[in-house]
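Q: Residue numbers (the UniProt record's numbering), protein chains in the order written: chain A, 1 to 381; chain B, 1 to 381.
2 protein chains.
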Amino acid sequence: MAEVSNKQVKLRDYVVSGSPKESDMVVTSTTTKLKLPEGSKGVLVKNLYLSCDPYMRGRMSKSHDISYVEPLKPDSPIAGYGVARVLESGDPNFKEGDLIWGITGWEEYSIINEIHTLFKIHDTDVPLSYYTGILDFIPPFLPSLQPNKGLNLSLYLFTLTPLPSLQPNKFVGMPGITAYVGFYEICSPKKGEYVFISAALGAVGQLVGQFAKLSGCYVVGSAGSSEKVDLLKNKFGFDDAFNYKEEPDLDAALKRYFPEGIDIYFENVGGKMLDAVLQNVREHARISVCGMISQYNLEQPEGVQNLMNLVWKRVRMEGFLVFEHYPLYPKFLEFVLPHIKEGKIVYAEDVVEGLESAPAALIGIFSGRNIGKQVVVVSHE
Amino acid sequence: MAEVSNKQVKLRDYVVSGSPKESDMVVTSTTTKLKLPEGSKGVLVKNLYLSCDPYMRGRMSKSHDISYVEPLKPDSPIAGYGVARVLESGDPNFKEGDLIWGITGWEEYSIINEIHTLFKIHDTDVPLSYYTGILDFIPPFLPSLQPNKGLNLSLYLFTLTPLPSLQPNKFVGMPGITAYVGFYEICSPKKGEYVFISAALGAVGQLVGQFAKLSGCYVVGSAGSSEKVDLLKNKFGFDDAFNYKEEPDLDAALKRYFPEGIDIYFENVGGKMLDAVLQNVREHARISVCGMISQYNLEQPEGVQNLMNLVWKRVRMEGFLVFEHYPLYPKFLEFVLPHIKEGKIVYAEDVVEGLESAPAALIGIFSGRNIGKQVVVVSHE
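1) Any C-beta of chain B sitting closer than 8 Å to the C-beta of V304/A?
2) L196/A bridges to which residues according to DSSP?
3) Could you give the C-beta distance for S61/A and V375/A, rounded to a whole number, given that I count them as a contact under 8 Å?
4) Rounded to the nearest angstrom, what separates D230/B and I365/B at their Cα positions?
5) Residues in its own chain within less than 8 Å of D91/A by CB, not counting five upstream and five downstream?
6) How about G319/B: is its C-beta nearer than 8 Å to some C-beta of chain A?
7) For G74/A, name the three-state secondary structure that DSSP assigns.
8) Could you pull out every residue in the same chain whose Cβ sits closer than 6 Å to the Cβ of K362/A, ignoring the five residues on either side in sequence?
9) Looking at C-alpha atoms only, which residue of E356/A, V352/A, P359/A is the closest neighbour of S129/A?
10) Could you check what DSSP says for V119/B in three-state terms: helix, strand or coil?
11) Just verifying my parser: in three-state terms, what is the DSSP assignment at Y326/A?
12) By the 10 Å Cβ neighbour count, where 16 or more other Cβ atoms means buried, how is R256/A classified, buried or exposed?
13) Could you tell me which chain B residues have their CB closer than 8 Å to the CB of V315/A, listed as they occur along the chain?
14) Along the chain, where does the alpha helix (DSSP H) that runs through Q374/A open and close?
15) For Y244/A and M273/B, I'd like the C-alpha separation in whole angstroms.
16) Buried or exposed: which applies to S288/B, given that a residue is buried once 16 or more other Cβ atoms fall within 10 Å of its Cβ?
17) Leaving out five residues before and five after P71/A in sequence, what residues of the same chain have Cβ atoms less than 6 Å from its Cβ?
18) N268/A and G291/A: beta carbons closer than 8 Å?
19) By the 8 Å beta-carbon criterion, what residues does the segment 245-278 of chain B contribute toward chain A?
20) For M308/A, which of helix, strand or coil comes out of DSSP?
21) Would you mind reading off the limits of the beta strand (DSSP E) that contains A79/A?
22) Within 8 Å of any Cβ in chain A, is that where the Cβ of E324/B sits?
23) So, helix, strand or coil for F258/B, using DSSP?
24) Using the Cα positions of L145/B and G372/A, report the straight-line distance between them to the nearest angstrom.
25) What did DSSP end up calling R282/A once you bin it into helix, strand or coil?
26) In the DSSP assignment, the beta strand (DSSP E) including Q8/B goes from what residue to what residue?
27) In three-state terms, what does DSSP make of N234/B?
28) Taking Cβ positions only, does V289/A come closer than 8 Å to chain B?
29) By DSSP, does I100/A sit in helix, in strand, or in coil?
30) Count the CB pairs spanning the segment 321-337 of chain A and the segment 174-187 of chain A that are closer than 8 Å, and state whether there are at least three.
31) Closer than 8 Å by beta-carbon distance: list the chain B residues that pair up with P292/A, in chain order.
32) Just to confirm, are F183/B and F211/B a CB contact at a threshold of 8 Å?
33) Helix, strand or coil: how does DSSP classify G18/B here?
34) Given N93/A, which residues of its chain have a CB within under 8 Å of its CB, disregarding the five upstream and five downstream residues?
35) Got a sec: which bits of the segment 4-22 of chain A sit with their beta carbon under 8 Å from any beta carbon on chain B, in order along the chain?
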C-alpha cells in the first residue's frame with residue numbers, strides 16, 4: 001500500500017510555566033500507510049475537526065500536580081477532542097465510513113487504540129464541529145470521572161478551570177449539557193421569570209440565555225466588553241445586557257436591569273457579582289452555581305456578605321458538576337438537536353482552517369482572542 | 001355577679017433603648033367581673049401559661065421602626081402568647097371549658113376580642129405550656145404574615161430576630177415547626193448521615209438534633225459554653241458537641257468531629273462557622289439556612305469565602321421561613337406529639353411560678369439567664 005503524507009502538530013517540549021506559546025508547538029509532516037497494523041483492535045481515522053480547550057494547558061505540563069489527565073508526550077502529535085471519519089476498524093462497534101467524536105490526534109490521520117474514548121455520531125444533520133462543543137459531553141469513562149469511586153474529582157476539575165495563566169470566561173468543555181443541566185435541572189424555570197446570567201458570552205452562558213428565551217423568560221446577561229454586550233443583544237437574543245466593567249455599583253446596575261428582582265441567577269463568576277445578585281433576588285429565587293471564575297486567580301476568594309438574603313427571600317443555591325448528569329445526555333440531545341436544526345439556537349464558533357493554524361488558535365484562547373468556541377478544520381473531506 | 005381579684009403585669013412606659021429592665025414593668029392588682037360584656041363576640045379566659053419571647057422587646061418600643069407588630073400600650077397588661085381556659089364565649093367556635101392558645105394578656109383573667117388570634121388545643125396529653133413553645137406556630141393571620149400579599153416580611157421578621165440589645169442564641173418563636181421544616185423538608189435526611197448543628201442549644205437547634213437522632217443520623221452540635229455542651233451530650237442525646245469559643249480553628253475542629261465530612265448542616269449562625277463548614281461538606285451535602293445569628297449585630301456581615309465548594313461538592317444551600325410552611329403544621333403535630341408523649345423528645349423549659357415572677361423572667365431572656373424556653377405559670381388550675 002502506498003504511503004500518504006500526514007501533517008502533524010507536535011508538542012516541542014513541556015511548558016514549564018505561564019501561557020503556552022506558538023513556539024512550544026511545531027507543525028511537521030510525516031508519511032503513513034493508510035492501514036491498521038495486523039491484529040489491531042483500534043481504528044484508523046481521517047481527522048476533520050479539532051477542539052481547542054483551556055484544559056489542554058494542563059496536559060502541556062509535565063507534572064501531574066496541575067492536571068489529572070495525563071501529560072501529552074513531547075515530540076508526539078497533540079491529543080484532544082475531535083471529529084473524524086473511520087477509514088478502517090479493528091473493533092466491531094465501528095466500521096469504515098462511520099463518523100466519530102472523541103480523543104484523537106492533531107494530525108491528518110490517526111490510529112486510535114483507546115476506542116473506549118470514541119463515540120459514534122448518529123445525527124449528521126448539524127455542523128459536525130458542534131460535536132467538539134455544544135454537543136460535546138465527556139463521558140465518565142476515565143476513572144477520575146466516575147462519581148462514587150472515591151477519586152478526587154476536584155483534581156480533574158482543575159484541568160477544566162482556568163489555570164492562573166488562563167483568561168477567564170473562556171470555554172471549559174461540555175457547554176451544551178452544562179447549560180442544559182444547570183438551567184433546567186437546577187433552576188426549574190417558569191415562563192415569565194427574570195433570569196440573570198453572568199459571563200453571559202461564555203460558552204455556557206450564551207446557551208443558558210437562549211434556553212431561557214425558549215422557556216419564555218426575560219433574560220439579561222453581563223459580559224466584559226461592549227462588543228460582547230452587542231453580541232448578546234443582537235446575536236444571541238438576550239433581552240438586555242451590560243458591561244460589568246463599566247458598572248462601579250453592581251447592585252445599582254442590577255436594580256436598573258431588574259426593577260422587579262431576579263428569579264433565576266446562573267452563576268459563573270462569584271464574588272462581588274454574587275453579593276449584588278443576593279441584594280436583588282426575588283422570593284423563591286434559584287441560584288445555579290456553575291462556576292466562580294472571577295475568584296480562581298485570587299489568592300483569597302472575596303467574601304460574600306449577603307447570604308442572609310437566602311433566608312429572607314427563601315432562596316435555593318445549588319452547585320452542580322455536569323459529570324454526574326451523564327444519564328441526561330440523550331434527553332439533552334433530543335431537546336437541543338431540533339432547535340439547532342431549526343436555527344433557534346445560535347452557537348458561536350471561531351473556526352480556523354488547516355493544521356498550520358492550530359498552534360495560533362490554541363494559544364489564542366488563553367489570551368481571549370476568540371469569540372466563540374475555537375475549532376480547527378483539518379479537512380472538509 | 002361578684003368581682004374577683006385580677007393580678008396584672010403592665011408596661012410602665014415605652015422602653016426607649018437598650019435592654020428592658022424589671023422596673024419598666026409593674027405588677028398590680030385590679031378586680032374584674034367574670035362575665036363578658038353584653039353582646040360581646042369575644043371570649044373570657046383564665047390564663048394558665050405565658051410565653052417570654054425576644055420579639056416582645058420590639059413591642060415595648062413606641063416606634064414602629066423596630067417592630068412590625070404594634071407597640072404595647074403603657075399602663076395596660078402586657079400582651080403575648082399564652083395558654084388559657086375559656087370561661088365564657090361569645091363566639092360559636094369556642095365554648096366554656098375549651099383550652100386555647102394564642103395572644104392573651106399578662107394577667108389572671110383576660111377578655112380577648114381578637115379571637116382570630118386564638119387556637120383551640122385538641123391534644124391535652126402533653127404539657128400545656130408546650131403550646132407556647134415546641135408546639136407553637138404563629139399562624140398567618142396577621143396581614144404581615146401572609147406571603148404573596150406584597151407586605152414586607154423582613155420587617156416582621158425583625159421582631160423575631162434579636163435586636164441589638166438582645167442576646168444571640170435565644171428563643172425566637174415557633175421552634176418546633178421551624179426545626180421540623182428546616183430539617184425534614186429542606187435537608188431530606190437519610191439514616192447514617194453526618195449532621196452538624198450550630199447554636200445547637202437554641203430552641204431550634206436542640207430539636208433538630210433530636211429529630212436527627214430519631215432519623216438515625218450522627219449528630220454533633222456547637223454551643224457557646226461548656227455547660228451547654230454538657231447538656232447537648234447528656235440531656236439532648238447529641239453524639240458529640242463542642243464549645244466554639246474554645247476552638248481557634250473551626251475548620252480543624254470540624255475535621256476532628258467529622259473526619260468523614262458533613263452531610264447536613266443546620267445553619268443558625270453564619271459567618272466563620274459557615275466558611276468552616278463549607279470546607280468540610282461531603283458530596284451532595286445540604287445546608288438548611290435557618291438564621292445567621294452571629295451576623296445580626298455586625299455593621300457589615302463577615303464575608304463567606306468558600307462558596308466555590310458548593311460546586312466541587314454539589315451542595316444545595318437553601319433558606320426558608322417557617323411562615324410559608326403553615327400547611328405542614330398538622331403533619332408536624334402528628335409527628336411530634338407521639339414522640340413527646342413517649343419521652344423520646346426532650347424539650348427544655350425554664351419555668352417560673354406566678355405573675356410576680358414574670359418581669360424578671362422576661363428580662364432574663366435578654367441576658368441569656370434561662371436555659372430552655374422561658375415560661376411563666378399563672379395558674380395550674
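We treat Cβ as the ideally placed atom computed from N, Cα and C, and that holds for glycine. Computed from a prediction, not measured in an experiment: that's the story for all the values here.
A: According to the structure data:
1) Output row for V304/A: interface = yes.
2) Note that residue 196/A corresponds to Phe in the displayed sequence, not to Leu. Paired residues: V220/A, Y265/A.
3) With a Cβ gap of about 24 Å, S61/A and V375/A do not count as contacting.
4) Rounded to whole angstroms, D230/B to I365/B spans 20 Å at the Cα level.
5) Hits under 8 Å: K41, G42, V43, I115.
6) So, interface residue.
7) In the sequence as presented, Gly is not what sits at residue 74/A; that position holds Pro. Reduced to three states, the DSSP call for P74/A is coil.
8) Residue 362/A is actually Leu in this sequence, not Lys. So the list reads C52, once near-sequence residues are dropped.
9) Ranking the options by Cα distance to S129/A, first place goes to V352/A.
10) Correcting the residue identity first, residue 119/B is Phe in this sequence and not Val. Here F119/B sits in strand by DSSP.
11) helix
12) exposed
13) E318, G319
14) Here Q374/A belongs to no alpha helix (DSSP H); instead the beta strand (DSSP E) covers 373-377.
15) Taken atom to atom, the span from the alpha-carbon of Y244/A to that of M273/B is near 31 Å.
16) buried
17) R59, K62
18) Cβ atoms of N268/A and G291/A: closer than 8 Å.
19) Correct list: G270, L274.
20) In the structure shown, M308/A sits in coil (DSSP, three-state: anything other than H, G, I, E or B).
21) 79-89
22) yes
23) In this structure, F258/B counts as coil in the three-state DSSP scheme.
24) Here L145/B scores only 33 on pLDDT, less than 50, and its place in the model should not be relied on; the value that follows carries that caveat. Taking the straight line from one Cα to the other gives about 49 Å.
25) DSSP, reduced to helix, strand and coil, places R282/A within a strand of the structure shown.
26) 3-11
27) In this structure, N234/B counts as helix in the three-state DSSP scheme.
28) yes
29) strand
30) Taking 8 Å as the limit for Cβ pairs, the verdict is that the segment 174-187 of chain A does touch the segment 321-337 of chain A.
31) One point to set straight first is that residue 292/A is Met, not Pro, in the sequence displayed. The CB of M292/A comes closer than 8 Å to the CB of L307, M308, V311 in chain B, given here in chain order.
32) yes
33) coil
34) I115, K120
35) none
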